[in-house]
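A.B. asks: Numbering (the numbering used here), first residue to last: 453 to 1440. In this text, a Cβ means the ideal position worked out from N, Cα and C, and glycines have one as well. Have a look at the structure that comes next, please.
Here it is, written out as structure tokens:
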């Protein structure tokens, strides 16, 4: 449902979100701002041109034939058409700079394959001017993105006599042949045996025919490529990156890139040893595939992470498509709010060129609506567990036993102490609680050897690395560690002393026992490596519903193992280890990357969306013990695991697929109001309800009574089949499919509709179900359903003009009864004009919000300033806490506070960019209470409504002052209870 729900009144901000990205072993930082300017790289910008890049150009310009590849084909960068059109695009880059009076020498890097544009070194004024120049679609500041398997092949059905490697390809030496996997990450440690030269390469001619890449060995600490790692590129200082803590080459320092690359396509049967423990043999998902490395993340020693600029990331996507990659792995975070940041737009071009994109969902779970990478053209991967046993327990002196996870030996019984009670006198209390080692605290220990020697220490998870905590215990002479979780989820690590990781509730109980018991003791058991029940969704894995799209497209799409994944790493960043156990959705994504490569190897003409559909519709929702997969609080929902846990084998023969193309992707992006931010293409694509996007899932963010959804399936098998539908209706709803069955011929399509009607489901809460098409050949094509019933749906805001006028408001009722309408306001803007403010600085406007204020808006408007002006707003309460911000690329900014607490506030108005050295800025403040100001009516004030039948309420205003902006609200109710409101914005 495209309308806003009755319980939210959110006005979209102008601009495009591009928050700091994190390789997904860290947390995804979602931003409500249009650009997260705290993460920008000063003086560097990405410019997007209006013309289509090579991957999307379908012809139409005289003298320039089509370059977009046909279905099932790769982009041919060697063709005359591609060469000619690329040269044309590059010439337009120089030309547009000339039009803006800017030297072409300011161009740092050109993009033309998946993304048409360039990066440049510009002043703020130049960037503002360029944004207004013909041919330019958008200008973004360059931003920083940061970095977000021994048994998993067998667990996923790849290994073993009946596994995919044998049944589909005749053994692991053939699994992945002819496939090229592009890994955008922190580089590679090529000396690891996971990347050794392949023994045989019968696919040599196939690879040679499509590979256009290179092996750039680097300047310092060079690497060597081979027939396994066939290509390497790196995007360092020339792309705005700080490389001072890293190798000036594709060589990995951090380890994240080596880990993801080896998980996706590492060699088969590589012995793994970590901290002296022999752990068996490891393999990537597609062990015969070739790897192309694109180093876009760089070690940041201070942050203990890897990060990189969007400037480099977009260039890497461009290069990967041009080089001939079949699949891209992107274990790097992104925006949770927008699908039109530069990297996401580049991925649209990649998918349109036939390249499958697997992206990590982020590590900000279990909080709702934290999932990143919400575009329909990529596959968003959540993290779950696998069945390798790493069970340990701790038994206290009172006999209580708590089960957790860990590797290696046990210890005890021994005295036990809570870390705060074991702190050095004067130590930072927080660091003592978290057990910082001396190495992570500028050489200063926080645990006192006199209080720790010979004891087990209880430490708390958070901030510093988990293994750093056991190191602190060892440094102080402790013999063991109990790690109490902070809610992120229990995992196993290789610790400096025998350790066990227990959950939050159990950790609280253990701490209470230790604090309240004279001479407390504990015993940590040795590891039990027996297979365990799995999968279950990882606590850290980011959850839906997606902010981008308002819950009308299900994200994440799928879940894969991302906890305790053994894989290759880089020794410099991993205490000299060649392998390490990592957690994160970063680790889950390359499992899907490798499986997608295998499916494309088997079905080389399948589009990325066919592969995505096949993986989703064949997923399982059950553990290896045939019980429901568990999430944060019971059975996992689609917002935790998408369609479910990946199953490799059935994905090769899914029966039916849900297909979509670039036209559908753009139509969806237009339907959620985002493509309009970067393009004028919306007038050229179909108008759809976002829930009607042909996804292998059904999601409705606001269901006012009922809604009918349309889906189309394509028979991807080689046989004709009769399919019959079965529905597991979301509790409290009925689900009606317009046809109970259909016959599908090979390659044939069938369209069906699904009507979902609320009966007893609670309002404003999601309810989940599924729909499955099955045939006699054994195909079972399941899609999840996620809907949120609401009492009514209506626009969050309507805008009118003039001193008098009216605006109709369409209401979709979710009930039969009475709809009432009343008004608050209209109230005029209070305009505060700042002093002349220098570019790049801010003015502070004090605001007092009175009691009874139901809605506060602080806004600036493009109409008040010269073209190209960029203003940002930041609102703080009396405690100095930020309560709202708006940071688009223009002067059209708005911060809205719903039912704000009465008190004193400040609004920081920043002159970010513009054509003048200084600027007097006008802050418009609207403080709306509940009173009717007598200048607006809502009619009818009461009317009978029927469930599912649209009703209209007209807001009309008169007698307003000229040249004044006003704000008010139409408040809806059912005769007894309030339902919500539509903000009425009246401009001069």
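Find out if the Cβ-Cβ distance for the pair residue 1110, residue 1065 is shorter than 9 Å.
C.D. replies: Against a cut-off of 9 Å, the Cβ pair of residue 1065 and residue 1110 comes out as a contact.
A.B. asks: Could you pull the DSSP bridge partners for residue 911 from this structure?
C.D. replies: Paired residue(s): 935.
A.B. asks: Taking the alpha helix (DSSP H) that residue 548 belongs to, which residues open and close that run?
C.D. replies: Segment 532 to 551, the alpha helix (DSSP H) holding residue 548.
A.B. asks: For the beta strand (DSSP E) that contains residue 529, what are its first and last residues?
C.D. replies: It is not in any beta strand (DSSP E) - residue 529 carries neither H nor E in the DSSP assignment.
A.B. asks: What are the start and end residues of each continuous alpha helix (DSSP H) run of 4 or more residues lying completely inside the segment 600 to 675, in chain order?
C.D. replies: Taking only runs of at least 4 residues, the alpha helix (DSSP H) segments lying wholly in the segment 600 to 675 are 604 to 607, 616 to 621, 656 to 662.
A.B. asks: Which of the three DSSP states, helix, strand or coil, is assigned to residue 794?
C.D. replies: Correct three-state label for residue 794: helix.
A.B. asks: Can you list, in chain order, the stretches of the beta strand (DSSP E) that have 3 or more residues and sit fully within the segment 965 to 1002?
C.D. replies: Fully enclosed beta strand (DSSP E) runs of 3 or longer: 973 to 976.
A.B. asks: Between which two residues does the alpha helix (DSSP H) containing residue 1053 stretch?
C.D. replies: First-last of the alpha helix (DSSP H) with residue 1053: 1037 to 1054.
A.B. asks: Do residue 549 and residue 564 have their CB atoms nearer than 9 Å?
C.D. replies: No, the Cβ-Cβ distance between residue 549 and residue 564 is not below 9 Å.
A.B. asks: Count the other C-beta atoms from every protein chain shown that fall within 10 angstroms of the C-beta of residue 614, then say buried if there are 16 or more, exposed otherwise.
C.D. replies: Exposed, by the Cβ-count rule.
A.B. asks: To which residues of the same chain is residue 1212 closer than 7 Å at the C-beta, ignoring the five residues directly before and after it?
C.D. replies: Only 1184 meet the Cβ criterion.
A.B. asks: State yes or no: is the C-beta of residue 687 nearer than 8 Å to some heavy atom of the ligand MN?
C.D. replies: The ligand MN is not part of the structure shown, which contains no ligands of any sort.
A.B. asks: If you drop the 5 nearest sequence neighbours on each side, which residues of the same chain put their C-beta closer than 6 Å to that of residue 713?
C.D. replies: Taken in chain order, the residues that qualify are 635, 640, 743.
A.B. asks: What are the complete beta strand (DSSP E) segments, minimum 3 residues, inside the segment 668 to 715?
C.D. replies: Complete beta strand (DSSP E) runs here, min 3: 681 to 686.
A.B. asks: What residues are listed by DSSP as bridge partners for residue 1432?
C.D. replies: For residue 1432, which the question treats as bridged, DSSP gives the partners 1424.
A.B. asks: Looking at the secondary structure, which residues open and close the alpha helix (DSSP H) in which residue 821 lies?
C.D. replies: Unbroken run through residue 821: none, as it is neither H nor E.
A.B. asks: With the cut-off set at 9 Å, would you say residue 608 and residue 1043 are in Cβ contact?
C.D. replies: Contact flag set, yes.
A.B. asks: Go through the segment 1226 to 1281 residue by residue and report every complete run of the beta strand (DSSP E) that reaches 3 residues or more, in order.
C.D. replies: Fully enclosed beta strand (DSSP E) runs of 3 or longer: 1232 to 1241, 1249 to 1253, 1257 to 1265, 1269 to 1280.
A.B. asks: Can you check which of these residues, 861, 1039, 651, 984, is closest to residue 1013 by C-alpha distance?
C.D. replies: Here the closest residue by C-alpha is 1039.
A.B. asks: Is residue 687 closer than 9 Å to residue 773 when the C-beta atoms are compared?
C.D. replies: In this structure, residue 687 does not lie closer than 9 Å to residue 773 by Cβ.
A.B. asks: Which class does residue 1123 belong to by DSSP, given the choice of helix, strand or coil?
C.D. replies: Helix at residue 1123.
A.B. asks: Is the separation between the beta-carbon of residue 1243 and that of residue 1223 shorter than 9 Å?
C.D. replies: For residue 1243 and residue 1223, no; Cβs fall outside 9 Å.
A.B. asks: Work out the CA separation of residue 589 and residue 781 for me, nearest whole Å.
C.D. replies: If I take the Cα positions, the gap works out to 27 Å.
A.B. asks: Could you tell me whether the Cβ atoms of residue 992 and residue 914 are closer together than 9 Å?
C.D. replies: Going by C-beta atoms, residue 992 is not nearer than 9 Å to residue 914.
A.B. asks: Let me know the secondary structure DSSP gives residue 1062 once reduced to three states.
C.D. replies: Helix at residue 1062.
A.B. asks: Which same chain residues end up closer than 7 Å to residue 701 when comparing Cβ atoms and leaving out the 5 residues on each side of it in sequence?
C.D. replies: Cβ within range, chain order: 669, 670, 671, 672, 673, 674, 675, 686.
A.B. asks: When the distance is taken between beta carbons, is residue 1036 closer than 9 Å to residue 840?
C.D. replies: Going by C-beta atoms, residue 840 is not nearer than 9 Å to residue 1036.
A.B. asks: Per DSSP, what kind of secondary structure is residue 763 in: helix, strand or coil?
C.D. replies: It is helical.
A.B. asks: Which stretch, first to last residue, makes up the alpha helix (DSSP H) that contains residue 576?
C.D. replies: Counting along the chain, the alpha helix (DSSP H) containing residue 576 begins and ends at 576 to 583.
A.B. asks: Just reading off the beta strand (DSSP E) that residue 752 is part of, what are its end residues?
C.D. replies: That run of the beta strand (DSSP E) goes 750 to 752.
A.B. asks: For residue 1187 versus residue 1206, is the C-beta distance shorter than 9 Å?
C.D. replies: The answer is yes: Cβ separation under 9 Å.
A.B. asks: What would DSSP say about residue 595, mapped onto helix, strand or coil?
C.D. replies: The answer is strand: DSSP assigns residue 595 an E or B state.
A.B. asks: Span of the alpha helix (DSSP H) holding residue 1092?
C.D. replies: Note, residue 1092: alpha helix (DSSP H), 1090 to 1093.
A.B. asks: What does DSSP give as the partner residues of residue 1073 in its beta bridges?
C.D. replies: In DSSP, residue 1073 forms no bridge with anything.
A.B. asks: Residue 846 and residue 977 - do their beta-carbons sit closer together than 9 Å?
C.D. replies: In contact: residue 977 and residue 846 (Cβ atoms closer than 9 Å).
A.B. asks: What residues are listed by DSSP as bridge partners for residue 1160?
C.D. replies: According to DSSP, which records beta bridges pairwise, residue 1160 is partnered with 1207.
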